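In this note's numbering, the protein residues as written are 182 to 680.
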């Protein structure tokens with residue numbers, strides 16, 4: 182059903198054009214991704230590859246009638262499946278390649294066909310309103326038509342029939358985990374969620390590093406070695422900024438496509454890395470499945486809105502507006518997230534966007550020391566030096582308070598960005614009095630976590646994803662006044678407790 186919906190969704194029909202079910206679906210064979218399903222043959226429901234597509238042809242026939250289409254070819258089922266549209270005379274059986282469903286569009290129409298978690302949704306839309314037209318005959322179940330009711334192999338008892346299925350052992354309802362970077366929070370979550378027989382689909386087989394996903398306990402593992410190597414090569418050659426962002430998205434698209442090939446129809450539950458989500462949605466791979474998303478950042482729609490607002494306030498900072506994802510990609514991610522049953526993330530800011538659906542994981546961090554208190558004369562900025570990371574607010578605060586700065590990471594704003602700021606000769610953040618990051622965007626606040634564990638005061642924005650805790654001061658993103666005030670408060674002597 183997913184393969185068929187993918188072939189039809191978005192199809193445009195011009196006025197008078199004849200739609201043919203099989204012309205657009207093609208042969209329902211296993212090498213194209215079609216699985217075994219139930220098909221009505223000579224009064225029996227029997228298992229065949231591509232069986233069950235009549236659910237789609239039934240729905241297409243119904244919406245074609247309602248849209249006022251001229252029915253060119255339609256065949257009723259020879260038997261009635263209880264609960265189906267055949268009982269109402271609104272069915273259309275199909276069989277490759279001699280029994281077709283064809284209808285002519287009265288206006289320019291666009292066909293939509295998709296699966297959500299539990300429903301098949303089919304529609305025909307036009308530029309102007311089209312009056313619904315219902316034509317059909319009702320065939321209620323009752324006296325005189327019991328013989329028209331279809332039988333299945335489980336009830337007929339005809340074990341000698343050549344169509345009889347026999348006993349088959351098969352795993353049903355397996356899960357698949359399509360993963361990207363191996364955050365420790367995610368690896369621990371997946372280790373608890375997996376079961377025997379589940380699929381681990383990862384970038385490549387590695388026992389160490391950022392992408393080390395252990396395959397122990399899974400039924401099967403699939404890798405995207407070639408696509409991962411190609412992504413790595415392209416990213417090494419890509420310049421910073423828009424070119425790199427575009428290369429990252431294209432690499433994720435290729436990897437998602439490769440990992441999707443390892444999915445089988447019986448995998449009813451998917452846990453998917455956010456980077457693959459919109460591409461899998463566009464491929465129709467999420468339909469009819471329960472989807473959990475491993476989220477590392479806010480949705481693109483939210484993220485780009487924040488960057489647009491910041492770019493309007495700081496038009497001189499080109500890095501705030503150097504790249505925006507294509508509209509179709511943003512729409513695909515938004516739609517996929519709306520259908521997801523669960524959002525899993527350690528990022529508090531991301532979890533807050535999905536009340537009732539988010540599972541907030543604890544950040545993995547070493548046990549912390551008591552937070553130091555004292556005058557703040559030197560601050561560390563995790564970086565990189567980019568406006569989206571809060572660099573502008575840090576610069577203004579350092580200049581206003583005469584602070585010495587330890588800037589970490591690459592400088593993406595230009596060589597003179599820190600002009601006038603005293604740069605510390607020692608680049609070790611552990612020698613700072615505080616660590617600050619009033620970022621608009623921050624996926625992995627690892628250095629902030631390390632600073633908290635080392636007992637250093639941390640000043641960060643909610644966008645950094647840390648929940649309120651001892652040693653952390655939360656300030657609005659890219660707000661120099663709030664940052665100056667927070668540093669000043671932390672620098673003030675602690676009031677003596679009453680004796």
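Yeah, the Cβ is synthetic: ideal placement off N, Cα and C, and Gly gets one too. This structure is a prediction, so every number in the text was calculated from the model and none was measured.
- Residue state for residue 531 is assigned as helix, using DSSP reduced to three classes.
- For residue 293, the enclosing beta strand (DSSP E) stretches over residues 290-296.
- Taken in chain order, the whole beta strand (DSSP E) runs of length 3 or more contained in the stretch 509-577 are 523-526, 539-541 and 559-562.
- Annotation for residue 284: the continuous beta strand (DSSP E) segment containing it runs 283-285.
- The alpha-carbon of residue 426 is positioned some 21 Å away from that of residue 497.
- By the criterion of a C-beta distance shorter than 8 Å, residue 411 is surrounded in its chain by 432 and 435, once the five residues flanking it on both sides are discounted.
- CA-CA distance, residue 371 to residue 631, rounds to 24 Å.
- Spanning the alpha carbons of residue 297 and residue 458 requires a straight line of approximately 14 Å.
- Across the structure, residue 574 and residue 660 are spaced so that their CA atoms are roughly 6 Å apart.
- The C-alpha of residue 610 lies about 22 Å from the C-alpha of residue 595.
- For the pair residue 199 and residue 285, the CB atoms are nearer than the 8 Å cut-off.
- Between residue 516 and residue 462, the C-beta spacing is below 8 Å.
- The stretch 373-382 makes no contact with the stretch 474-493: fewer than 3 CB pairs, one atom from each, lie closer than 8 Å.
- Rounded to whole angstroms, the separation of the alpha carbons of residue 619 and residue 629 is 11 Å.
- Here residue 211 is exposed, its C-beta having fewer than 16 other C-beta atoms within 10 Å.
- Sixteen is the threshold: when 16 or more other Cβ atoms of the shown chains lie within 10 Å of the Cβ of residue 409, as they do, the residue is buried.
- In this structure, DSSP gives residue 588 an extended state, which the three-state scheme calls strand.
- Excluding residues up to 5 positions away in sequence, 289 lie with their Cβ nearer than 7 Å to the Cβ of residue 308 in the same chain.
- Contact between residue 602 and residue 580 holds: their C-beta atoms lie close to 6 Å from each other, under 8 Å.
- With contacts defined as CB atoms closer than 8 Å, residue 451 and residue 525 fail to qualify as a contacting pair.
- With 16 or more other Cβ atoms inside 10 Å of its own Cβ, residue 364 counts as buried.
- Cβ-Cβ separation between residue 531 and residue 646: approximately 7 Å, consistent with a contact (criterion under 8 Å).
- Between residue 301 and residue 182, the gap from beta carbon to beta carbon is short of 8 Å.
- In the DSSP assignment, residue 401 is bridged to 380.
- Our two residues, residue 667 and residue 623, have alpha carbons roughly 20 Å apart in a direct line.
- In the three-state reduction of the DSSP assignment, residue 663 falls in the helix class.
- Note that the C-beta distance between residue 589 and residue 572 is not below 8 Å.
- Within the DSSP bridge table, the entry for residue 206 names no partner.
- Judged by their CB atoms, residue 548 and residue 584 are not nearer to each other than the 8 Å cut-off.
- For the pair residue 440 and residue 446, the Cα-to-Cα distance works out to about 14 Å.
- Of the residues assessed, residue 197 falls on the exposed side of the cut-off, its CB having fewer than 16 other CB atoms within 10 angstroms.
- For residue 503, the closest alpha carbon among the candidates 509, 489 and 514 is that of 489.
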